[in-house]
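This report refers to the structure that appears directly beneath it.
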Amino acid sequence: MNETPSKPAMSPVKVEAIDPLDSAVLDMPRQAPRFNVLSAIQNDQPHAPAIHPSVAHGKGIVEIKDFSLYYGPKKTVHSVSLSIPVGHVTALIGPSGCGKSTLLRSVNRLNDLVDGVRTTGDILVGGESVYAPGTDVIDLRRRVGMVFQKSNPFPMSIFDNVVYGLRIHGERRRSVLEEVCERSLRGAALWDEVKDRLQSSAMGLSGGQQQRLCIARAIAVEPQVLLMDEPCSALDPIATLKIEELILEISQKYTVLIVTHNMGQASRVSDYTAFMYLGRLVEYGPTSHIFQTPTLPETEQYITGKFG
Ligand SMILES: Nc1ncnc2c1ncn2[C@@H]1O[C@H](COP(=O)(O)OP(=O)(O)O)[C@@H](O)[C@H]1O
Ligand SMILES: [Mg+2]
Numbered sequence: 004m005n006e007t008p009s010k011p012a013m014s015p016v017k018v019e020a021i022d023p024l025d026s027a028v029l030d031m032p033r034q035a036p037r038f039n040v041l042s043a044i045q046n047d048q049p050h051a052p053a054i055h056p057s058v059a060h061g062k063g064i065v066e067i068k069d070f071s072l073y074y075g076p077k078k079t080v081h082s083v084s085l086s087i088p089v090g091h092v093t094a095l096i097g098p099s100g101c102g103k104s105t106l107l108r109s110v111n112r113l114n115d116l117v118d119g120v121r122t123t124g125d126i127l128v129g130g131e132s133v134y135a136p137g138t139d140v141i142d143l144r145r146r147v148g149m150v151f152q153k154s155n156p157f158p159m160s161i162f163d164n165v166v167y168g169l170r171i172h173g174e175r176r177r178s179v180l181e182e183v184c185e186r187s188l189r190g191a192a193l194w195d196e197v198k199d200r201l202q203s204s205a206m207g208l209s210g211g212q213q214q215r216l217c218i219a220r221a222i223a224v225e226p227q228v229l230l231m232d233e234p235c236s237a238l239d240p241i242a243t244l245k246i247e248e249l250i251l252e253i254s255q256k257y258t259v260l261i262v263t264h265n266m267g268q269a270s271r272v273s274d275y276t277a278f279m280y281l282g283r284l285v286e287y288g289p290t291s292h293i294f295q296t297p298t299l300p301e302t303e304q305y306i307t308g309k310f311g
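Counting from 1 along the sequence shown, just add 3 to a position and that's the residue number in our numbering.
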C-alpha cells in the first residue's frame, strides 16, 4: 500500500495497520458484502463463481466440468467448471500458486506424468472426454498442443523440430513435410528469419525465435487447442511483443488457452479471462468485462494490483 503524502490530503482516510485485503477496500466504493467469495474460499466454504452469461452456455471447444485435482493428499484444483469458446484466446489469471498451470496441464493430461495425481470430474475437448478410460493420450496431445514458459526446442535442425510431430504420426513424404514446415513457420512469424537455414540447429536461435519455433512445432500438427503457460515470461519486451502479436494472429485459426501473470498481457491478447484463487474459479467472462466492469469487488482488487 502506497502512502504518498506529497499532495495535501483532500479527505483524509484513516488507514490503520490492518489486513492488506481490508485496507485495499478503503479505496473502493462501498460495496457490501465485501470479499465474500475470497473469504469463503479461504475458509474452504462453498462459493459461487461469477460467470458472465456469454460463457455460461457450456458449448465450448474445451469444457472443464466440475474438475478437481489432487497432488497426493493435497487438493489443488477445486471443482472448477469452465467453458472455453472456440476460436478465441482465453487467459487464466490469478496469484502465483493458485493452480493455473495445473489446470492448464490437465487439459492435455500432462499431469499424468506426476506421481500421485488423482482427478475427479472431467474435461471435454471437442466433445470427447479427456479422462475417460479409453482416451488415446497421444492423440489427445496432438489435438491439444502446448507451449511452455521456457522454450524447449529439440537439439536438432529447425526443419526437424517443426515436422517432429508429423513424423511421430507417420508422415514420411518430403513434399508434405516441406510444405507443412513452411506453412507452420509462416504461421509462427518466423519463416523470413530462418528460411535460408532450415537445416541449422534450432539451438542457435535467439530466445524469442526459439519460442516462435515451439509455436510453429505446436501448430504443425493442426491442434484444436493450443495451451500456453506464461510463454513470454523468459523473453525481453520486444520478443514478448512479437509473441503477443503472434497469439492474436494464431487465434484467427486456433483456440488458445493462455496462463499469464501479466495483467497487461491478459488484457491485450485475450478475449475472455478467468480469475482463479486458491484452486477455485472466482470470476469468468469477456476480458473487457473482467478488466473494466467486473462483477466481484475481489476481481477488481486483483486486476488493479491490490493483492496477489
Ligand atoms: N508436480 C507437483 N507436485 C506437487 N505439487 C505441485 C506440483 N505442481 C504444482 N504443485 C502445487 O500446486 C499448487 C498450484 O501450482 P501451480 O499450478 O503451478 O500454480 P500457478 O501456475 O497458478 O502458479 C502449488 O501449491 C504448487 O506448489
Ligand atoms: Mg504456473
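Yeah, the Cβ is synthetic: ideal placement off N, Cα and C, and Gly gets one too.
Note that this is a predicted model, so its numbers are computed, not measured.
query, result
"Measure the CB-CB distance between V150 and L143 and report whether it falls below 8 Å.", "no"
"Any idea what DSSP makes of F70, helix, strand or coil?", "strand"
"Rounded to a whole number of angstroms, what is the C-alpha to C-alpha distance between L249 and H91?", "13 Å"
"Taking only three categories from DSSP, how would you classify L208?", "coil"
"Please give me, in chain order, every unbroken run of the beta strand (DSSP E) with length at least 3 that falls completely inside the segment 102-143.", "120-128"
"Three or more C-beta pairs closer than 8 Å, one from the segment 66-73 and one from the segment 82-90: is that the case here?", "yes"
"Can you tell me the Cα-Cα spacing of Q213 and R189, whole angstroms?", "14 Å"
"Could you spell out the range, first to last residue, of the alpha helix (DSSP H) harbouring P240?", "240-253"
"Note down the Cα distance separating T105 from F310, rounded to an integer number of angstroms.", "21 Å"
"Give a yes or no on whether the C-beta atoms belonging to V117 and Y74 are separated by under 8 Å.", "yes"
"Using CA atoms only, rank isn't needed, just tell me which of S236, Q48, E196, I171 is closest to R145.", "I171"
"In chain order, what are the residues with a CB under 5 Å from some non-hydrogen atom of ligand 1?", "Y74, T79, S99, G100, C101, G102, K103, S104, T105, V117"
"Count the other CB atoms within 10 Å of the CB of G61; is the residue buried (16 or more) or exposed (fewer)?", "exposed"
"If we ignore side chains and look at the alpha-carbon of each, how far apart do P300 and V65 end up?", "28 Å"
"Quick one: what's R283 bridged to in DSSP?", "Y280"
"What is the DSSP secondary structure of S82, counted as helix, strand or coil?", "strand"
"CA-CA distance, P49 and L284?", "12 Å"
"Do G282 and K78 come within 8 Å of each other at the CB atom, strictly closer than that value?", "yes"
"Compare the Cα-Cα distances from G119 to each of G97, P76, C101, S209 and report the closest residue.", "P76"
"Could you give the first and the last residue of the continuous alpha helix (DSSP H) run that contains G168?", "167-171"
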